[in-house]
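The structure under discussion appears below in the form of structure tokens.
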Amino acid sequence: MFHSLGRYILLLRLSFRKPEKFSVYWDEIMREMVSIGIGSLGIIAIISVFIGAVAAIQVAFQLLSPYISKSVVGSISRDSTILEFSPTISALVLAGRVGSSIASQIGTMRVTEQIDALEIMGVNAPGYLIAPKIIAGLTMIPLLTITSVILGLSGGYIACAASRNIATADYVMGLQNGFNPVIVTVCAVKSIAFGFIITSVCSYFGFYTSGGSLEVGQSATKGVVFSCIWILFADLVISSLLL
Amino acid sequence: MIEIVDIYKTFGENAVLKGISANFKAGKNNLIIGSSGSGKTTLLKCIVGLHEPTKGEVYYDKENFTAMNFEGRVPIRKQIGMLFQNSALFDSMTVEQNIIFPLNLFTEMSKSEKLDRANFCLKRVNLEGKNKLFPSELSGGMKKRVGIARAISMQPKYLFVDEPNSGLDPKTAILIDELINEITEEFKTTTVVVTHDMNSVMGIGDNIIFLHNGEKWWEGSNHQIAHTDNKELNSFVFASKFMQAAREKL
Chain A
0 MFHSLGRYIL LLRLSFRKPE KFSVYWDEIM REMVSIGIGS LGIIAIISVF
50 IGAVAAIQVA FQLLSPYISK SVVGSISRDS TILEFSPTIS ALVLAGRVGS
100 SIASQIGTMR VTEQIDALEI MGVNAPGYLI APKIIAGLTM IPLLTITSVI
150 LGLSGGYIAC AASRNIATAD YVMGLQNGFN PVIVTVCAVK SIAFGFIITS
200 VCSYFGFYTS GGSLEVGQSA TKGVVFSCIW ILFADLVISS LLL
Chain B
0 MIEIVDIYKT FGENAVLKGI SANFKAGKNN LIIGSSGSGK TTLLKCIVGL
50 HEPTKGEVYY DKENFTAMNF EGRVPIRKQI GMLFQNSALF DSMTVEQNII
100 FPLNLFTEMS KSEKLDRANF CLKRVNLEGK NKLFPSELSG GMKKRVGIAR
150 AISMQPKYLF VDEPNSGLDP KTAILIDELI NEITEEFKTT TVVVTHDMNS
200 VMGIGDNIIF LHNGEKWWEG SNHQIAHTDN KELNSFVFAS KFMQAAREKL
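Protein sequences appear in the order of chains A and B. So that you can map any letter, position 154 of the first sequence is 153 in numbering that gives the first Met the number 0, and since no number is skipped, the others follow by simple counting. So that you can map any letter, position 5 of the second sequence is 4 in numbering that gives the first Met the number 0, and since no number is skipped, the others follow by simple counting.
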């Protein structure tokens, strides 16, 4: 375990060496941002709307009584969406979608000697392949999380509109009541941390793939599994520290 | 010129290279031959720095490459071109982008100069007009030729070729050999070819090193190889009945 951790840290250090030519790296960062950001927008939109709607329905089912204000559905949906559902569930989905793609892409480059070809040319392969992905993850995953929050809360609104139990006005009032800005900070910190974990962990497993196509698949699986574990661990640590 | 001195390479308990020393001459085709598992590719990877030798040194024109760190090696690596066994073209790039890639990173050439250079390299390997194709749209022989075009795009001083004829039909294999030979003569490169193809050995082997079980067993030219009494080398070179018959006629 310590051997792997050491290799991971050394790989990250190599990834952030001074680039050979910034313009080439910039093009690569833009390409990765489009791939991670635009490429994941559809799946994030779908899961966010559904999770937001389900959260509102379940809160309503569990808490509504004559003694509790109906607007509480909006407040609890807002807090749970911003604090947990949007950053964490989005990150777990992105670990599958983006992480597996990163690990298999880099792993394939390794087994087909494309990474060797980069190194022979004098290119810092970790810098060229991994740094743009991490930078794209650090910028696009928080943006996807913001999108997820907006769509999740909209999903809750749609669920209320479709249900006879809660008025949409109560839901909107709940969204506005007792808002504590610290939950946005927690959400932002989580999404940045998760963005880093997904891109760096999956890049690590891809970069150290050896063998053939079977091992590329195994690297992608390991990348996703370890990313998910680290996301949940980071989720616990960030929540404990900031809340 | 490239000089390797007493190269050892072990992977765990497995000693793959056992004290190999050799000189690879400038402007010549230097072939490393041997049966599968003899350590040819491992030696090539030690020479270009993809593997670090367990012991021994590699000198590029008297400069100790083994003792250099990553940054120190970059100026030498800019003078290296390499054709990999599976061509190792970048899948996400077109043929033209593959050739231009090192120029983008290491030169200040204008866009039109880079395009001219890509077209020159493609013309040199007889692939004019294939600029916009992706590697997945190319045949095995075309991929090898694009690999060569990319390798010569930076006008290398040292050219390394790993199994250039693997997976190719005999006619295409001969074309690739001829192309390597022409490039070596035209650009005066120090060319190191790893192969077990006997057509290559007889056709372009100016200087041949035969490896057996990780040791240098024999060294000479393609003219000398037919008359050697080295038992291991003879059993490798003249393994086929066709080659045995050819030898009898020599």
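A virtual CB, placed ideally from N, CA and C, is assigned to each residue, including glycine. The structure displayed is predicted, hence computed values, not measured ones.
Asked	Found
Cβ pair Met0 of chain B, Thr189 of chain B closer than 8 angstroms	yes
Rounded straight-line distance, which links the Cα of Phe241 of chain B to that of Thr106 of chain B	49 angstroms
Lys20 of chain A burial status per 10 Å Cβ neighbour count (16 or more: buried)	exposed
Three-state secondary structure (DSSP) of Met32 of chain A	helix
Partners in chain B for Ser29 of chain A, counting only beta-carbon separations shorter than 8 angstroms	The residue asked about is misnamed: residue 29 of chain A is Met in this sequence, not Ser. Correct list: empty, because the minimum Cβ distance to chain B is about 14 angstroms.
Residues that DSSP places opposite Met81 of chain B in a beta bridge	B:Phe159
Length-filtered (4 minimum) alpha helix (DSSP H) runs lying within the region 163-208 of chain B	169-186 and 197-203
Among B:Pro134, B:Asn118, B:Ser135 and B:Ser111, the one whose alpha carbon lies nearest that of Glu127 of chain B	B:Asn118
Closer than 8 angstroms to chain B by CB, Thr198 of chain A	no
Interface partners of Asn85 of chain B on chain A, CB under 7 angstroms	Thr111 and Glu112
Ser68 of chain A - DSSP class collapsed to helix/strand/coil	coil
Closer than 8 angstroms to chain A by CB, Asn130 of chain B	no
Any chain A beta carbon closer than 8 angstroms to Pro101 of chain B	yes
Contact with chain A by Met81 of chain B, beta-carbon distance below 8 angstroms	yes
Closer than 8 angstroms to chain A by CB, Phe105 of chain B	yes
Cβ-Cβ distance between Lys61 of chain B and Gly121 of chain A below 8 angstroms	no
Classification of Trp25 of chain A by the beta-carbon crowding that lies within 10 angstroms, buried from 16 upward	exposed
8 angstroms Cβ cutoff, Arg116 of chain B in contact with chain A	no
Thr208 of chain A beta carbon less than 8 angstroms from that of Glu214 of chain A	yes
Three-state secondary structure assigned by DSSP to Tyr207 of chain A	coil
Check whether Thr144 of chain A and Ser190 of chain A have beta carbons under 8 angstroms apart	yes
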